[in-house]
Amino acid sequence: AGRGGAVARTVGRERADRLREWSGQQGVTLFATLCTAWQLVLRRRSGQDTFLLGTTFGRRPAATADTVGFHVALLPLPLSATDATPPPEAVRATGRALFAADAHSGVDLDALLAAVHPDPGNPRPLVTVSVDLDRAALAGIDLPGLRAEAVAAGTESAPLELALMATQVQDGSLRLRLRYDADLFDAATAEGYLAELDGQLDALSDAVADAVAHAVAHAVAEGTAGAGGARGTATAEPATRTAPDTAALLREVWESVLGLRGFPDERNFFDLGGNSIAAIRLVNRVRDTLGVDYPLADFFADATLRAMTGQLAGGPETDGSETDGPETGGPKTDGSETGGPETEAEAVVDRAPVSDQQARMIAGHHVVPDPAVWNVPTRIAFTGALDPAALRSAVSELVARHDGLRTRFAQEEAPDGPWWQEILAAEPVALPVEDLTGLPAGERRPRADALCRADAAAPFDLRRPLLPRTRLLRVEEDRWELMFVLHHICADGWSLSVVLAEIAALYTAAAAGVPHGLPDPAMQAPGYARWQREQRDPGVEAERAAFCARYLDGVPSAVPVPTDRPRPQKLSGHGDTVRGVATGAVRAAVEKLAADRHTTSFAVAAAALGVFLTRLSGEEDTLLSVPYANREGTASESLVAMTSTAVMIRVRLDSANLDETCAELAVRTGAGALGAMAHVLPTARIMRAMRESGAVSVPDRVPHVLAFQNSVDTDIEIPGLRVEVADLAPPLSRSELCFGLAPRRDPAKGYRTFLEFSTDLWDHTTAHDLLSSYTDVLAEFSARPDRPVRELLGERPSQGPPGHGSGGSAGDAIAGPDRPGGPSPSQSLPNTGKADAV
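In the numbering used here, the protein residues as written are 707 to 1544.
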């Protein structure tokens, strides 16, 4: 008779996030997981292995965006599973079914129904059970002078026998609502279906079952035993569920990366709060979800969901032989192929060739005057009632979770044989408390600083286990400091953010005596190295080298930035770091310029630095070394290892256009940077390609670095404690000048800034002036983007006296008084920015 009812329940935000995370690890959407769980519930109830579910499908043409009308249809989705189907394969099969259904979305459903049920005297529906996911539910209505609130409303009608709707709520939770045909089902039975679905979702996200049968058994909750059975036939070929089209899948990916819902398709990614790191994550997720590559260059050309959907609509071609899951989108994470000779150490649990980044780091470690320059020293200060045992547990669990934090390196047939990475078995970390409160009050701080700086400056031996060097100091009754030192070969800036976030989560759980709930890392350092080798393609490398040679053709081999002292024949490696801040207003101007011109904040910062160096040197073509995160595939996002690599970025003033504006230079610089990042190669390989192409000028090194640290987040929080994270960089320098910007989590706080410099060439005061003046140029550059670049150059510094390298003090060459942006000891950032940014 069409009478209906509805029952509902909510999946909390934490569980919903866990489901999204698990779905991403399987390379599918949350909708595919929901669909599979519903299928398993229906399978247990009906005894059927094959189903036809229905799902709503709609694709509005652009011309209908603002029209009121009915633009959806019910799409049939065939699904099947057996007792032998593991849960990951079940959800991937659902994902393939979604793409296949989408490819046939234009089929005439009336004709299809007539073909399936040709007897006109016995009409039967095509589907009787459905499932849908509403990703952009109405959040509210703003009316002047009124407050509007949603009121839960039921329905007395039943469009199908069972219709499941999941709605993603703004707070991240998931609302499940099941409408049922009251002529067939009681409310108690419908509640039982939802209870089983709830348990089924938990079983899938826990990933503890090896087969669907195990998942089903795990999912049946005791509370469903009393639910009544269907009065009618519950074996209704569960109506096929409509597969979400590619546009819906892409929107889900965008919403997940941005943490936003309901935005228009034509809104620019960067206007919505995205940055270049988020763009990398977005492209990775698109690759993993759809199985297609979407070049970053195409994305930056038109960073809108509408443009991406226009290029990718219809989804990838798939067939049943395709391999799904993380294996196709990134490094393999199993340890099946280790190769190499047997190791004598029983504690070694895995052995693999080194990655390209590790090989370069090993070479660099052995040629620098002081290998401590590759240390990543972090001091974490806690104010409050710290639980040392919980912290010890957290650090031990952290090391156990990540192979990269318990690695040593071994070489075959030294000195020219290949290097291998060896992963040691995890053991508890000893973290005794060194109590300084017994010292006189005036001696505690200097003693703590001396101990921490000694740890920061002590070099590592790559052939010995590179465990984190830790020290826990109690400086005051409620003030504790954890010194945590890594070698750069084990972690880059992205990795450090993972490490800090996990320390906070693991400590919080240990202090509360509850499981931490963190998913296992999707990838480990040995698996990354193996995957890298599998992906190697000489043809692709040659094409990349040729591109870079063309991009850098004609770049000057040196930029004569004035120095305080004559340049020695070889730099000693001694250095220092000055720190500062760029205000929230400066950051807002940078981000507005980037958003208005559809480029990135990094491009603005790089263009401004190029202008600043031109202002110092008179050279209108400058080369910057830029650390690039180089994370491919979603599996790499939880990886603690060094994946970053240096990319050479050119900032060249347009000699043919003397009126080129700051905005135009930023866009042109960003486009060049994007091309360079799409053709990543080791610097030495690029320089060799330049020589082979006949370049007249080939730099033997790139002395100036820009580290834009938008992948490093050190603003961690722990309940009951105030946490401050600081870098204790040793008095060394990896380059002549390394300028750094690190966006704060709160945009109003602007950027942390730093300048690492060679003390062979500059004094501390000059370095302070350089950092302050660059911050000023960045502010001027972004505040007036339509201003001609050449107005910013002003008077260029004159050449210094003979014998003083390229001139006198860089600080003397900068007109105008100092402005905000100088050193601030309380504002510090990790010493990894020189290796991983953008």
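Glycine is no exception: its CB is placed at the ideal position from the N, C-alpha and C atoms.
None of these values were measured; they are calculated from a predicted model.
The continuous beta strand (DSSP E) containing residue 886 extends over residues 880-887. A direct Cα-Cα distance of roughly 10 Å separates residue 1295 from residue 1307. In this structure, residue 1328 keeps its C-beta atom at 9 Å or more from the C-beta atom of residue 1339. Under the DSSP assignment, residue 1474 falls outside any beta strand (DSSP E), being part of the alpha helix (DSSP H) whose first and last residues are 1470-1489.
In this structure, residue 985 lies near residue 975, with their beta-carbon atoms less than 9 Å apart.
Of all C-beta pairs linking the region 1089-1108 to the region 1131-1138, three or more are shorter than 8 Å, placing the two stretches in contact. Sequence-distant partners of residue 1281 (beyond 5 residues in either direction) whose C-beta falls short of 7 Å from its own C-beta, in its chain, are 1437, 1438, 1439, 1462, 1463, 1464, 1465. Residue 981 sits buried, since 16 or more C-beta atoms from the chains shown fall within 10 Å of its C-beta. If you draw a straight line from the Cα of residue 1381 to the Cα of residue 1497, it comes to about 28 Å. Burial check for residue 818: the Cβ neighbour count within 10 Å stays below 16, so the residue is exposed. Residue environment: residue 1446 is assigned as buried (16 or more neighbouring CB atoms within 10 Å of its CB, all protein chains considered). Here residue 1267 is buried, its C-beta having at least 16 other C-beta atoms within 10 Å. Residue pairing of residue 1449 in beta bridges, as defined by DSSP: 1457.
Taking C-beta atoms as the reference points, residue 1093 and residue 1013 fail to come closer than 9 Å. With contacts defined as CB atoms closer than 9 Å, residue 1451 and residue 1285 fail to qualify as a contacting pair. By the Cβ-count criterion, residue 1363 is exposed, with fewer than 16 other Cβ atoms from all chains shown falling within 10 Å of its own Cβ. Under the three-state reduction of DSSP, residue 1269 is assigned to coil, being neither helix nor strand. Within the region 1251-1328, the complete beta strand (DSSP E) runs of at least 3 residues fall at 1281-1288. Scanning the region 1221-1246 for uninterrupted alpha helix (DSSP H) segments of 4 residues or longer gives 1231-1241, listed from N- to C-terminal end.
Its chain contains 1327 as the residues whose beta carbon lies nearer than 6 Å to that of residue 1358, once the 5 sequence neighbours on both sides are disregarded; these appear in chain order. Ranking 1395, 1370, 1197, 1369 by CA distance to the CA of residue 1255 puts 1395 first. The region 1465-1479 and the region 1267-1276 touch, with no fewer than 3 CB-CB distances between them shorter than 8 Å. Closest by C-alpha distance to residue 1456, out of 1481, 1191, 796, is 1481. With a cut-off of 8 Å on Cβ pairs, the region 884-904 is in contact with the region 742-751, counting three or more such pairs. Beta-bridge annotation (DSSP): residue 1368 is not paired with any residue. In chain order, 952, 956, 992, 996, 998, 1000 place their CB closer than 8 Å to the CB of residue 1018, counting only its own chain and leaving out the 5 sequence neighbours on each side.
Around the beta-carbon of residue 1402, fewer than 16 other beta-carbon atoms lie within 10 Å, marking it exposed.
Going by DSSP, residue 1125 is part of the beta strand (DSSP E) stretching over 1125-1130. For the options 1348, 1318, 1418, 1343, the alpha carbon positioned closest to that of residue 1443 is the one of 1318. The count of Cβ pairs closer than 8 Å, one atom from the region 1367-1382 and one from the region 1403-1410, stays below three, leaving the stretches out of contact.
Within a 10 Å sphere around the beta-carbon of residue 1192 sit 16 or more other beta-carbons, which makes this residue buried. Leaving aside the five residues that flank residue 962 on each side, none in its chain has a CB nearer than 6 Å to its CB. Below 8 Å, too few C-beta pairs join the region 1078-1098 and the region 1107-1121 to call them touching: fewer than three. Residue state for residue 793 is assigned as helix, using DSSP reduced to three classes.
The C-beta of residue 801 has 16 or more other C-beta atoms within 10 Å across all chains shown, which makes the residue buried. In the structure shown, the three-state DSSP call for residue 989 is helix.
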